[in-house]
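Here the structure comes first, spelled out in structure tokens, and everything after it is commentary.
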Amino acid sequence: MTDRAAAPPRWLPFAVLGIGLLAVSFGAIFARLAQGEGVPSFTVATWRLGLAALIITPVALFQSHRALKDLNRRQCLLALAAGFFLALHFATWVSSLEYTSVASSTALVTTNPLWIGLVSFVLFGERPGRMMLGGIALSFGGSLLIFWSDSQTVSAGANPVLGNVLALAGSWCFSAYLLIGRRLRAGLPLPAYVWLAYGAAALLLAGASGVSGAPLSGFGTTAWAMLAGMALGPQLLGHTAYNWSLRHVSATFVAVVTLGEPVCSAAMAFVLFGEGFAPLQFGGFALLLAGIYLAARGEKA
Numbered sequence: 003m004t005d006r007a008a009a010p011p012r013w014l015p016f017a018v019l020g021i022g023l024l025a026v027s028f029g030a031i032f033a034r035l036a037q038g039e040g041v042p043s044f045t046v047a048t049w050r051l052g053l054a055a056l057i058i059t060p061v062a063l064f065q066s067h068r069a070l071k072d073l074n075r076r077q078c079l080l081a082l083a084a085g086f087f088l089a090l091h092f093a094t095w096v097s098s099l100e101y102t103s104v105a106s107s108t109a110l111v112t113t114n115p116l117w118i119g120l121v122s123f124v125l126f127g128e129r130p131g132r133m134m135l136g137g138i139a140l141s142f143g144g145s146l147l148i149f150w151s152d153s154q155t156v157s158a159g160a161n162p163v164l165g166n167v168l169a170l171a172g173s174w175c176f177s178a179y180l181l182i183g184r185r186l187r188a189g190l191p192l193p194a195y196v197w198l199a200y201g202a203a204a205l206l207l208a209g210a211s212g213v214s215g216a217p218l219s220g221f222g223t224t225a226w227a228m229l230a231g232m233a234l235g236p237q238l239l240g241h242t243a244y245n246w247s248l249r250h251v252s253a254t255f256v257a258v259v260t261l262g263e264p265v266c267s268a269a270m271a272f273v274l275f276g277e278g279f280a281p282l283q284f285g286g287f288a289l290l291l292a293g294i295y296l297a298a299r300g301e302k303a
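Taking the working numbering, the leading residue of the sequence shown gets 3, the next gets one more, and so forth.
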């Protein structure tokens, strides 16, 4: 039996998204700690997805073997495209953490609703409601406030412009991944979709690591613990929660929820790395939360 058998209670997708948001918020922290242990950014991204794909393999083969066996050419191409954009998302975003702060990086990489809303309107004719538009506007405004405030401080890093551009590119790639996933998930069970997308992305990143000369082994225990933590928490629990929710709520709303990540990640960075807050950042966090709430009201309407 798959998650297509019966519709879940109306509240469940929102609860799952909340759990996923908390798990995903640890991603920047684990990545920064792994980088501090000497793990290159491409390697961090490769193992985050590679370990997740390996862990989900038995579940996918056991629960979704029929769906995987019956894959058609269109589904294979969509899975490859989803993996491609997911690989680009992690390659650019993890790299951005080398140059800018956790707050700026996560704020910019979660500007997905703006790009998804534009693409959905232009290509698919999907018109978001007023409350959803209001939520997008508030959330995007909050992200800009966090970015502006953080870019004025020393904590922004050695090359904040490069870091911010990489984070923004990561947002574009993740938007494409969500839009492709929305369509691919319509005909696939969750384990099959997750295994295909994560596996394709991991293979592409492994190839990129080889070309760039980034090592995939030879790290210490702490580094491997951080990589495993990224695979189990942010990737398997967090992103799988997002993928499950795509079946029950819109891709735009899932993207809006991800805007809560900068709030959680920045709070953790303050405790662990001493990345302080400015008044404008607190204002940005408030706008983000207000936007998520407004978007949730719009989704339920």
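Using N, Cα and C, we set each Cβ at its ideal position, and we do this for glycine too.
query	result
First and last residue of the uninterrupted alpha helix (DSSP H) at His-67	67-71
Terminal residues of the alpha helix (DSSP H) in which Pro-115 lies	114-126
For Tyr-295, the three-state DSSP class (helix, strand or coil)	helix
Top-ranked residue by Cα proximity to Ala-30, from Ala-89, Trp-95 and Phe-64	Trp-95
Contact set for Ala-203: own chain, Cβ-Cβ below 6 angstroms, skip 5 residues either direction	Leu-51, Gly-85, Leu-88 and Ala-89
Start and end residues, alpha helix (DSSP H) containing Ala-178	162-186
Ala-9, DSSP secondary structure in three states	coil
Reduced DSSP category for Val-251 - H, G, I as helix; E, B as strand; rest coil	coil
Span separating the alpha-carbon of His-91 from that of Ser-27	16 angstroms
Contact between the segment 36-50 and the segment 215-224 (3+ Cβ pairs under 8 angstroms)	yes
CB of Thr-260 within 9 angstroms of CB of Asn-114, strictly	yes
Proximity of Leu-110 and Ser-173 at Cβ, strictly below 9 angstroms	yes
Local Cβ density within 10 Å of Val-49, reported as buried at 16 or more and exposed below that	Checking the sequence, you will find Trp at residue 49 rather than Val. That one is buried.
Host alpha helix (DSSP H) of Gly-143 (start-end)	132-153
Buried or exposed (CB count within 10 angstroms, at least 16 for buried), Asn-245	buried
Segment contact, 8 angstroms Cβ cut-off, at least three pairs: the segment 279-295 with the segment 137-156	yes
Beta carbon of Leu-170 nearer than 9 angstroms to that of Phe-44	no
Chain-order list of residues whose beta-carbon lies under 6 angstroms from that of Ser-66 (same chain, five-residue window excluded)	Pro-191, Pro-193 and Ala-194
Span separating the alpha-carbon of Trp-13 from that of Gly-131	20 angstroms
Start-to-end residues for the alpha helix (DSSP H) that takes in Pro-193	192-214
Spatial neighbours of Ala-54 in its chain, beta-carbon cut-off 6 angstroms, leaving aside the 5 residues before and after	Tyr-200, Ala-233, Gln-237 and Leu-238
7 angstroms CB neighbourhood of Leu-181 in its chain, flanking five on each side removed	Ile-118, Val-121 and Ala-253
Assigned exposure category for Gly-215 - 16 Cβ within 10 Å defines buried	exposed
Endpoints, alpha helix (DSSP H) assigned at Leu-229	223-232
Status (buried if at least 16 other CB within 10 Å, exposed otherwise) for Val-196	buried
Collapsed DSSP secondary structure at Thr-102 in the structure displayed	coil
Environment of Val-46 [buried if 16+ CB atoms lie within 10 Å]	buried
Rounded C-alpha distance that separates Leu-35 from Cys-266	16 angstroms
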